[in-house]
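S.K.: Going by full-length UniProt numbering, the sequence shown opens with residue 1, and the numbers climb by one from there. Below are the structure tokens for one structure; questions will follow.
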Amino acid sequence: MQKCFWINGIQVDLSRNTINRDDGAFPLQPKVISVLKVLALHQGEVVSHDQLMDEVWRGATVSPNTLQRCIAQLRKVLKDNSRTQQVIKTHSKLGYSLEASVNWEDSIPSEIEFDGKSPFKSVSSGRFYYPAMALAAAMLLIWLVYGLAPGEPSLNFRQSKMLTTSDEKEYFPDYSPDGRYLVFHRYLGACENHLWAKDLKTHQEYRLTRTSGIYANYSWSTDGNQLAFIKREGCQQQSGQEASCWRLYTLDFAQALRGPLEPVQRLDCDTHLIDTPVWANNGNILLLKEEKAPSDEQGQLRLMVYDVRTTQLKEFYRPKQGRLYDFTYSNKLNRFAVITKGRSQSHFVELLDGQGQLLERSRITPLESHSRFQSYSASFHPNGEFLITNLENGLHQMSLGGELRKIETPYDLALSAPRFHPIEQKIVATSGVVDIDIAEIELAALASRTGSLQDDRTEVGFNEVHLPFPSISRSIRKESHARFQPNGERIAFVSQRSGSEQLWIYHKGESRQLSRFNQSSSIRGLEWSPDGQHIAVGIRDTIVLVDLNGNETPFVLNKPIRNLFQWASENQLLALAGEKSSNQLLTIDAETREISRITDVDVKFARQYKGGFLMMDVANRLWHLSKDERRAINVPFNMLGGNPVLSGDGSLYGISHDAQLWRFDLEAQQIEMIAAVDENVWWLMDVKEGYLLAAQAISARKEIVELSPQM
Numbered sequence: 001m002q003k004c005f006w007i008n009g010i011q012v013d014l015s016r017n018t019i020n021r022d023d024g025a026f027p028l029q030p031k032v033i034s035v036l037k038v039l040a041l042h043q044g045e046v047v048s049h050d051q052l053m054d055e056v057w058r059g060a061t062v063s064p065n066t067l068q069r070c071i072a073q074l075r076k077v078l079k080d081n082s083r084t085q086q087v088i089k090t091h092s093k094l095g096y097s098l099e100a101s102v103n104w105e106d107s108i109p110s111e112i113e114f115d116g117k118s119p120f121k122s123v124s125s126g127r128f129y130y131p132a133m134a135l136a137a138a139m140l141l142i143w144l145v146y147g148l149a150p151g152e153p154s155l156n157f158r159q160s161k162m163l164t165t166s167d168e169k170e171y172f173p174d175y176s177p178d179g180r181y182l183v184f185h186r187y188l189g190a191c192e193n194h195l196w197a198k199d200l201k202t203h204q205e206y207r208l209t210r211t212s213g214i215y216a217n218y219s220w221s222t223d224g225n226q227l228a229f230i231k232r233e234g235c236q237q238q239s240g241q242e243a244s245c246w247r248l249y250t251l252d253f254a255q256a257l258r259g260p261l262e263p264v265q266r267l268d269c270d271t272h273l274i275d276t277p278v279w280a281n282n283g284n285i286l287l288l289k290e291e292k293a294p295s296d297e298q299g300q301l302r303l304m305v306y307d308v309r310t311t312q313l314k315e316f317y318r319p320k321q322g323r324l325y326d327f328t329y330s331n332k333l334n335r336f337a338v339i340t341k342g343r344s345q346s347h348f349v350e351l352l353d354g355q356g357q358l359l360e361r362s363r364i365t366p367l368e369s370h371s372r373f374q375s376y377s378a379s380f381h382p383n384g385e386f387l388i389t390n391l392e393n394g395l396h397q398m399s400l401g402g403e404l405r406k407i408e409t410p411y412d413l414a415l416s417a418p419r420f421h422p423i424e425q426k427i428v429a430t431s432g433v434v435d436i437d438i439a440e441i442e443l444a445a446l447a448s449r450t451g452s453l454q455d456d457r458t459e460v461g462f463n464e465v466h467l468p469f470p471s472i473s474r475s476i477r478k479e480s481h482a483r484f485q486p487n488g489e490r491i492a493f494v495s496q497r498s499g500s501e502q503l504w505i506y507h508k509g510e511s512r513q514l515s516r517f518n519q520s521s522s523i524r525g526l527e528w529s530p531d532g533q534h535i536a537v538g539i540r541d542t543i544v545l546v547d548l549n550g551n552e553t554p555f556v557l558n559k560p561i562r563n564l565f566q567w568a569s570e571n572q573l574l575a576l577a578g579e580k581s582s583n584q585l586l587t588i589d590a591e592t593r594e595i596s597r598i599t600d601v602d603v604k605f606a607r608q609y610k611g612g613f614l615m616m617d618v619a620n621r622l623w624h625l626s627k628d629e630r631r632a633i634n635v636p637f638n639m640l641g642g643n644p645v646l647s648g649d650g651s652l653y654g655i656s657h658d659a660q661l662w663r664f665d666l667e668a669q670q671i672e673m674i675a676a677v678d679e680n681v682w683w684l685m686d687v688k689e690g691y692l693l694a695a696q697a698i699s700a701r702k703e704i705v706e707l708s709p710q711m
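Dropping the structure here:
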């Protein structure tokens, strides 16, 4: 591919997005260079506005004057102007043409002796030599830091070091605007946490909040003196209680370094979700707020602005197309990047100015390895020139035009919540794994237990890992989705012990890996066939049928699978599929692939029951859905912690919020408290013939790591 060409003796370097004149090199935005390339390929011809838009922006929506600004920049650098139009000519209502002659790289012999109009001067002239050397040095620095090369990842952050090493889980790290401090969440349990800061020069840590809370992600004020964050009331939204509250708070960071403070409440209780506070340069705080009509099961997010001076909250931006789900802000450019989802699984990055006016809308182009159901939450690089996003298969750089490139990181780190250093080439992120095992619990033995649960804890190996109950197949990774085999003794489960999520079988004290799924696969549920000879596994938009020899038969659903609930009959699978904002409960015929919609209600548990469906929605309300009606089943809200399981005799089992195992007889509408379980037994997975499969948390250690380029 030709990498450069000349216009009137001026070099256009396509590989570096620069225009090189006698008096120096002029870097331009890639889209500006692309406009010039299209005109050069059609030298002397009129190129229409639509053709330029299609070839450069590939159908993305941009503001009407975007192309005009590109032409104006090109004329200035090419020593042209709108009056003479000797290089680029405007054809009213038609388009543009490149009038000057074009010489492409491979059309110029290497032996040619250039005259005074040559694009390069002699080294001895010095006038071009020094800027060229500066450009070369800058490109070398970029190559060393970013690892840029054609076809290669654009960023290289293969070196890592730990910034925290405590026993608690730490999350949401971010540097202060001057890079001196690191602020993060340190958890006390599953939900509650404190805000902490670490001085990266002295390594001293400071607790910032006086009382713990369910604090969510936060934002620094531009001067680094304040923090804005969301606090939620209630770890889970529970039926029968007051709906969860979200409140906006701020904290004086400098004052909190002298001692923990109570944060200042800015917005009172809002029963609709508010999230992602961002402090803008003008002192106002932008945030996402859920908008939901009383009749809606699911809402939409709006971008709002909270005026710190007037304390008013009002709408800042609403996309004309698609559904907004994330945004980020560049303090340097005073611009916002809004991430939206359109039709046909397309995602877009929309660039806004400081007043919320749309400047440019570009389609995000996934790499071949990405799921088409991938979402793209992102944050700005401090220079404002691109974004960083954390996807299923790792960190990626995203251009403002929606192009993605993989960021090379240490292969053994599971990273989340990445943020760039404001000055240096570093990334801070959360790294770590959750260790969850599967316990098989006999109901009769648990009900008759008389001693303390602490007395019965199991120790494993030299490290004395304390288990509430013996694990069926101990590992230091996360196990999930355990299911008893119908008409057999096997247990199917998902494990990360081999490096990625795979299907495993436990039988007579031994475990073996059954699947060989792609390394980036994320399993969304599994269910045994009624005869116990096959297992259905949900992965992205595909259901994979796996037999006991590991043979796989996939079929594509064309909807992202959220969960599998039941293989109810010989061919009927019960599944939740769709986007977060438009989930549907479906039945799927495993033989004909025919799909039938049951309801659009977002559910977290569903089973066939009495000619209809028993289901629990995301607000922990239990329903029986038949052809004629949807009837509520009244169960005390404090019973419905986690996801229940349904036994063959028509009883629901679950673990309450205060760690009590309960049984609910659906016929008699009666609750029985069976026994107290350990607080680290989080939820049930299955029940069969007097035995339960339960998830027990061993550890949830998350540490803060700092990544830097490998020099």
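Don't be surprised by glycine CBs; every beta carbon is placed ideally from N, CA and C. None of the values given here were measured: they were computed from a predicted structure.
According to DSSP, what are the bridge partners of D54?
M.R.: According to DSSP, which records beta bridges pairwise, D54 is partnered with nothing at all.
S.K.: Specify, as a first and last residue, the run of the beta strand (DSSP E) that V705 falls within.
M.R.: K702 to S708
S.K.: In this structure, what does DSSP give as the bridge partners for Y376?
M.R.: Paired residue(s): none; Y376 is not in a bridge.
S.K.: Tell me whether the region 433-450 and the region 187-197 touch, counting them as touching only if at least three CB pairs, one residue from each stretch, are closer than 8 Å.
M.R.: In short, these stretches do not touch, since the Cβ pair count stays below three.
S.K.: Hey, how far is the Cα of R607 from the Cα of V601?
M.R.: 14 Å
S.K.: Please tell me whether P173 and S371 are closer than 9 Å, where the distance is taken between their beta carbons.
M.R.: no
S.K.: Counting C-beta neighbours from all protein chains within 10 Å, is the total for I704 16 or more, i.e. buried, or is it exposed?
M.R.: buried
S.K.: Excluding five sequence neighbours on each side, which residues of the same chain lie with their C-beta closer than 8 Å to the C-beta of Q86?
M.R.: Non-local beta-carbon contacts of Q86 in its own chain, meaning distances under 8 Å to residues more than five positions away in sequence, involve D80, E99 and A100 in chain order.
S.K.: Among I674, D13, P277 and G354, which residue has its Cα nearest to the Cα of L267?
M.R.: P277
S.K.: In this structure, does DSSP put P560 in helix, strand or coil?
M.R.: coil
S.K.: Nearest-angstrom Cα distance between I285 and L52?
M.R.: 38 Å
S.K.: Closest to L585 by CA distance: which of K610, M615, V556 and N571 is it?
M.R.: M615
S.K.: Flag this pair as yes or no: are the beta carbons of Y181 and I441 separated by less than 9 Å?
M.R.: no
S.K.: Could you tell me which of K314, K161, Q533 and V556 sits nearest to V546, measuring between CA atoms?
M.R.: Q533
S.K.: Near S511, what residues of its chain come up, given a Cβ to Cβ distance below 6 Å and the 5 sequence neighbours on each side ignored?
M.R.: S473 and W504
S.K.: With DSSP as the reference, identify every bridge partner of W623, one or two as the case may be.
M.R.: M615 and A632
S.K.: Between which two residues does the beta strand (DSSP E) carrying I388 extend?
M.R.: F386 to L391
S.K.: In chain order, what residues of the same chain lie with their CB nearer than 8 Å to the CB of Q696, ignoring the 5 residues before and after it?
M.R.: I436, D437, I438, A439, L467, P468, F469, S471, D678, N680, V681 and W682
S.K.: Of all the options H347, N334, G283 and F336, which has the alpha carbon lying nearest to the alpha carbon of T310?
M.R.: Of H347, N334, G283 and F336, the residue nearest in Cα terms is G283.
S.K.: For L395, I'd like the list of residues in its chain whose CB is within less than 7 Å of its CB, leaving aside the five on either flank, ordered along the chain.
M.R.: I388, I407, T409, L415 and P418
S.K.: Is it the case that the Cβ atoms of L155 and R405 are separated by a distance below 9 Å?
M.R.: yes
S.K.: Can you tell me whether H507 is helix, strand or coil according to DSSP?
M.R.: strand
S.K.: Could you give the distance in angstroms between the alpha-carbon of K688 and the alpha-carbon of F253?
M.R.: 54 Å
S.K.: For E489 and H507, I'd like the C-alpha separation in whole angstroms.
M.R.: 7 Å
S.K.: When the Cα atoms are used, what is the spatial distance from R477 to T328?
M.R.: 33 Å
S.K.: Would you mind reading off the limits of the alpha helix (DSSP H) that contains F253?
M.R.: F253 to A256
S.K.: If you drop the 5 nearest sequence neighbours on each side, which residues of the same chain put their C-beta closer than 7 Å to that of R631?
M.R.: W623 and H624
S.K.: So what's C191 in DSSP terms, helix, strand or just coil?
M.R.: coil
S.K.: Could you tell me the alpha carbon to alpha carbon distance between L188 and K169, rounded to whole angstroms?
M.R.: 8 Å
S.K.: Taking just the CA atoms, how far does Q572 sit from I633?
M.R.: 25 Å
S.K.: For the UniProt DNA-binding region "OmpR/PhoB-type" (2-100), which segments carrying the beta strand (DSSP E) assignment without a break, of at least 3 residues, lie completely within its bounds, in sequence order?
M.R.: Residue ranges of uninterrupted beta strand (DSSP E) with 3 or more members, entirely inside the UniProt DNA-binding region "OmpR/PhoB-type" (2-100) and ordered along the chain, are 4-7, 10-13, 18-21, 24-27, 88-91 and 95-98.
S.K.: Kindly provide the ranges of any beta strand (DSSP E) runs that are 3 or more residues long and lie completely inside the region 157-192, ordered along the chain.
M.R.: 159-162, 170-175 and 181-187
S.K.: Nearest-angstrom Cα distance between S122 and I88?
M.R.: Residue placement at S122 cannot be trusted, given a pLDDT of 34 that sits under 50; what the coordinates show is reported in the next sentence. Between S122 and I88, the C-alpha separation is close to 29 Å.
S.K.: Excluding the five sequence neighbours on either side, which residues of its own chain have a C-beta within less than 6 Å of the C-beta of N8, listed in chain order?
M.R.: A100
S.K.: For Q226, count neighbouring Cβ atoms within 10 angstroms of its own Cβ and tell me buried if that reaches 16, exposed if not.
M.R.: buried
S.K.: Leaving aside the five residues before and after G550 along the sequence, list all residues of the same chain whose C-beta is less than 6 Å from its C-beta, in chain order.
M.R.: Contacts found: L514.
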